[in-house]
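Residue 1 is where the sequence shown starts when you use UniProt numbering, and the numbers rise one by one after that. In this text, a Cβ means the ideal position worked out from N, Cα and C, and glycines have one as well. Worksheet: one structure, shown below.
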Amino acid sequence: MSSDLQGRKTIIYLFLRFAGIHQQRTMSIFNTSFFSGMAKVGKNVNFVTRDFDPRPSQTRHLVGVIDEGTSTISFSIYTTPEFKEIASHQLSIAMISVKPGWYEQDAMVIINKIYRCVEIAVEMLPSLGYKTEDLVTIGVTNQRETTVMWDAITGKPLYNAIVWNDIRTSTTVDQILANIPGRNLNHFKDKCGLPISPYFPALKIRWLIDNVPAVQKAFKEKRCKAGTIDSWIIWNLTKGGLHITDVTNASRTLLMDIVTLQWDCTLLKAFSIGPDMLPEIRSSSEIYGIVTDERTSLLGIKISGILGNQQASLLGQMCIKPGQAKNSYRSGCFLLCNTGHIPVISRHGLLTTVAYQLGPNNPATYALEGAVAVAGHALEWLEDQVRILPRAEDAEKYASTVPTTGDVYFVPALTGLYAPYWRKYARGLIIGLTQFTNKYHIVRAALESVCFQTRDILEIMYKESEQKINRLHADGQLSKNNLLMQLQADTVGIPVLRSQLFDCTRFGVAMCAAQAHGIDLCRFDPDRKAYSNVFYDTFMPTSTEEERKHRYGKWKRAVEPCVRDYESCTQTAKTETKTSAVILALVFIENRLAQCCDNTFVSQHFLAIPTVLRSRMLGPASSYCISTCGSDCCFSNCFTKTITIVVGFHDAFHVKQ
1 MSSDLQGRKT IIYLFLRFAG IHQQRTMSIF NTSFFSGMAK VGKNVNFVTR
51 DFDPRPSQTR HLVGVIDEGT STISFSIYTT PEFKEIASHQ LSIAMISVKP
101 GWYEQDAMVI INKIYRCVEI AVEMLPSLGY KTEDLVTIGV TNQRETTVMW
151 DAITGKPLYN AIVWNDIRTS TTVDQILANI PGRNLNHFKD KCGLPISPYF
201 PALKIRWLID NVPAVQKAFK EKRCKAGTID SWIIWNLTKG GLHITDVTNA
251 SRTLLMDIVT LQWDCTLLKA FSIGPDMLPE IRSSSEIYGI VTDERTSLLG
301 IKISGILGNQ QASLLGQMCI KPGQAKNSYR SGCFLLCNTG HIPVISRHGL
351 LTTVAYQLGP NNPATYALEG AVAVAGHALE WLEDQVRILP RAEDAEKYAS
401 TVPTTGDVYF VPALTGLYAP YWRKYARGLI IGLTQFTNKY HIVRAALESV
451 CFQTRDILEI MYKESEQKIN RLHADGQLSK NNLLMQLQAD TVGIPVLRSQ
501 LFDCTRFGVA MCAAQAHGID LCRFDPDRKA YSNVFYDTFM PTSTEEERKH
551 RYGKWKRAVE PCVRDYESCT QTAKTETKTS AVILALVFIE NRLAQCCDNT
601 FVSQHFLAIP TVLRSRMLGP ASSYCISTCG SDCCFSNCFT KTITIVVGFH
651 DAFHVKQ
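Rendered as structure tokens:
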């Protein structure tokens with residue numbers, strides 16, 4: 001190689017490194033045969049570097065995070081390497097429910113609100129002493145499984161986004177199962193880590209193709225694109241230049257091979273979905289491209305990180321070793337345990353998912369995941385429906401007024417039970433009531449139910465991963481409840497470490513975006529023996545093993561009647577003893593629970609119960625006007641040394657004015 005060419009090579013190498021391009025990409029340029037021609041023509045260098053919009057060296061590097069959740073959208077800007085939030089804006093996103101169990105969101109509203117959040121946050125920078133140019137890269141974290149289909153030519157959505165918890169595809173599930181031996185829901189689990197379920201995008205895409213004329217037309221004309229919310233966001237940021245997703249979101253579709261990390265032909269064929277409409281699968285941390293949409297002040301900024309929200313939380317909690325687990329406490333709970341570089345296929349109702357892949361040349365890290373359907377939502381139910389709690393935020397104060405639950409157990413199966421039971425028709429119950437039970441015991445039992453359900457999942461994770469879980473990391477809004485965190489430690493018998501960030505999702509994706517840009521947000525601090533930027537409040541267990549075993553055993557016995565098949569309950573006649581249980585429940589509500597309200601609470605409200613019991617209301621119940629709340633309520637009772645009333649609750653069970 002001539003000295004002149006060698007000199008040009010050195011200059012170009014330094015220039016590319018100066019621009020912050022990942023070293024592997026830089027070196028790959030010099031290993032190609034076209035380098036000689038590129039070195040001779042200066043404009044080719046500009047072409048290579050323009051894709052990544054190098055920023056001036058005197059800038060202070062800021063990282064932006066788009067966080068698109070189920071109910072809120074935000075854009076936040078952080079300093080590096082301190083990870084200090086300096087600007088942020090958040091907007092709510094409305095849910096559209098056209099039928100029971102159908103949940104949609106306007107995909108264009110999502111984009112518009114993201115852009116609005118970006119503009120407001122970026123406008124704050126000058127007053128804080130920063131320039132727009134200081135923002136060098138962004139990451140995207142999103143609600144998983146929510147699915148969008150759009151026209152590749154116009155870029156417009158062909159239908160509303162179908163949200164992850166939408167269950168309209170139950171009939172589509174039946175159609176798929178008709179072609180599967182034994183109608184086995186876990187038929188594809190060894191390949192993709194997931195059961196066949198309405199939650200996952202494969203079913204949503206299939207439903208859209210089968211039922212929406214605009215989608216059908218675009219599908220036939222091969223101009224239909226599909227993806228999860230991250231794909232939709234990046235498509236818009238790049239004006240259709242990039243149709244990509246990352247391995248964490250792809251692992252939630254029912255279409256990706258969990259080992260090869262690519263769309264699987266067998267799965268695509270099973271759901272009759274063509275690969276052309278799907279995004280390219282990329283790692284969670286790499287420079288994908290730059291923002292090209294002139295409508296946003298992010299124009300020219302790199303996009304370098306993508307993570308599904310729960311995986312982002314796992315990484316943000318620094319659960320980077322096998323056996324490290326986190327639980328996000330919100331309306332429900334999402335518990336993930338790092339299982340290392342080998343996927344563990346669950347046989348007990350947990351999901352196998354990709355936790356993250358930090359760069360295209362690094363191996364993927366996997367996790368087992370379990371979900372608790374009702375956590376904070378149980379407190380909201382006690383507030384809004386049963387009305388024994390003024391505000392859900394008061395749960396800690398109420399529960400702290402009593403030292404125990406008085407042997408009351410609350411199984412909050414308001415929308416069925418998730419892992420490890422998977423009983424969608426399960427109905428909730430409160431068991432162990434006595435004449436001394438009051439509203440404070442019920443509230444404390446609701447908090448304990450979150451802890452017991454978490455232990456249910458941890459027990460399975462420990463068994464299947466064969467990894468000892470020595471501590472549990474916690475985040476989410478509900479984790480601010482100190483009593484809940486202490487009860488959790490006492491229930492599982494290991495320390496609970498609550499992140500002081502409360503929501504580690506943004507930190508997790510910011511790490512991915514920053515790493516791809518060459519910024520390290522997670523340096524190890526030898527003095528603290530912990531990673532920088534991550535601080536915890538630690539709750540140590542105070543219970544004995546015998547106490548934990550005794551109380552957990554009672555919880556398991558309380559769950560037993562709840563996991564039975566309740567589908568046929570409303571189709572069979574109820575016995576007179578069940579009528580007695582309802583009457584006793586009314587007396588109990590009047591004498592104990594209604595004390596939190598005014599004196600006319602019971603007489604002015606209706607108690608919703610099944611129609612089949614209306615004609616049997618006698619004695620104390622005769623003064624109540626009874627109405628029907630739905631066909632899937634059921635009541636049962638049992639009598640021990642003290643009266644125990646088991647009431648079949650569901651999300652619509654409430655009292656009405």
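Endpoints, beta strand (DSSP E) assigned at residue i
i    : result
Q90  : E85 to S92
C562 : Premise fails: C562 is in no beta strand (DSSP E) and is neither H nor E.
C337 : C333 to G340
Y103 : Unbroken run through Y103: none, as it is neither H nor E.
L307 : K302 to G308
T353 : L351 to Y356
Y409 : Y409 to V411
E280 : E280 to R282
N327 : A325 to Y329
G428 : Where G428 is concerned, there is no enclosing beta strand (DSSP E), given that its DSSP letter is neither H nor E.
K225 : C224 to T228
Between the CA atoms of residue j and residue i - distance to the nearest angstrom
i           : j    : result
R427        : M149 : 35 angstroms
D246        : P275 : 16 angstroms
N327        : I209 : 36 angstroms
E119        : T505 : 21 angstroms
M108        : I233 : 10 angstroms
D293        : R282 : 21 angstroms
G553        : G316 : 34 angstroms
L91         : N112 : 11 angstroms
T405        : F436 : 11 angstroms
K302        : H517 : 9 angstroms
S57         : T132 : Low confidence applies to S57: its pLDDT is 38, below 50, so where it sits in the model is not reliable, and the reading given next is rough at best. Rounded to whole angstroms, S57 to T132 spans 14 angstroms at the Cα level.
R347        : C192 : 13 angstroms
Q216        : A152 : 14 angstroms
L203        : F83  : 38 angstroms
R557        : I430 : 12 angstroms
A373        : S449 : 11 angstroms
N338        : P213 : 42 angstroms
R295        : L368 : 40 angstroms
A178        : P100 : 25 angstroms
residue 663 : T260 : Since the first residue of the chain shown is 1 and the last is 657, residue 663 is not available in this structure.
L335        : L314 : 9 angstroms
I290        : L62  : 16 angstroms
Beta carbon of residue i nearer than 7 angstroms to that of residue j
i           : j    : result
L358        : S285 : yes
I162        : I176 : no
G432        : R423 : no
I519        : T70  : no
E145        : Y199 : yes
L194        : L351 : yes
G370        : S331 : no
I258        : P343 : yes
L458        : V492 : yes
G64         : L135 : yes
D490        : T542 : yes
Q311        : T248 : yes
residue 664 : L278 : Any property of residue 664 remains undetermined from this structure, which presents the chain solely from 1 to 657.
S251        : T353 : yes
A87         : M124 : yes
Expected contact under 8 angstroms - CB spacing of residue i and residue j to nearest Å
i    : j    : result
Q500 : T454 : In fact, because the Cβ distance is near 20 angstroms, the residues do not count as touching under 8 angstroms.
I244 : Y288 : 6 angstroms
L447 : A399 : 5 angstroms
I345 : D190 : 6 angstroms
T228 : N142 : 7 angstroms
P201 : T154 : Going by Cβ atoms, the distance from P201 to T154 rounds to 22 angstroms, so no, they are not a contact pair.
Beta-bridge partners of residue i, as assigned by DSSP
i    : result
W263 : M256
I96  : E104
E68  : I73 and N142
F436 : According to DSSP, F436 bridges with nothing at all.
F200 : The partner list for F200 (beta bridge, DSSP) is empty, contrary to what the question assumes.
V496 : L472 and F539
Residue i, enclosing alpha helix (DSSP H) - first and last residue
i    : result
I244 : No alpha helix (DSSP H) holds I244; the beta strand (DSSP E) holding it covers I244 to D246.
R506 : T505 to A516
S297 : It is not in any alpha helix (DSSP H) - S297 carries neither H nor E in the DSSP assignment.
D475 : From DSSP, D475 is part of no alpha helix (DSSP H) but of the beta strand (DSSP E) over L472 to D475.
D276 : Run containing D276: none; DSSP gives neither H nor E here.
K220 : P213 to K220
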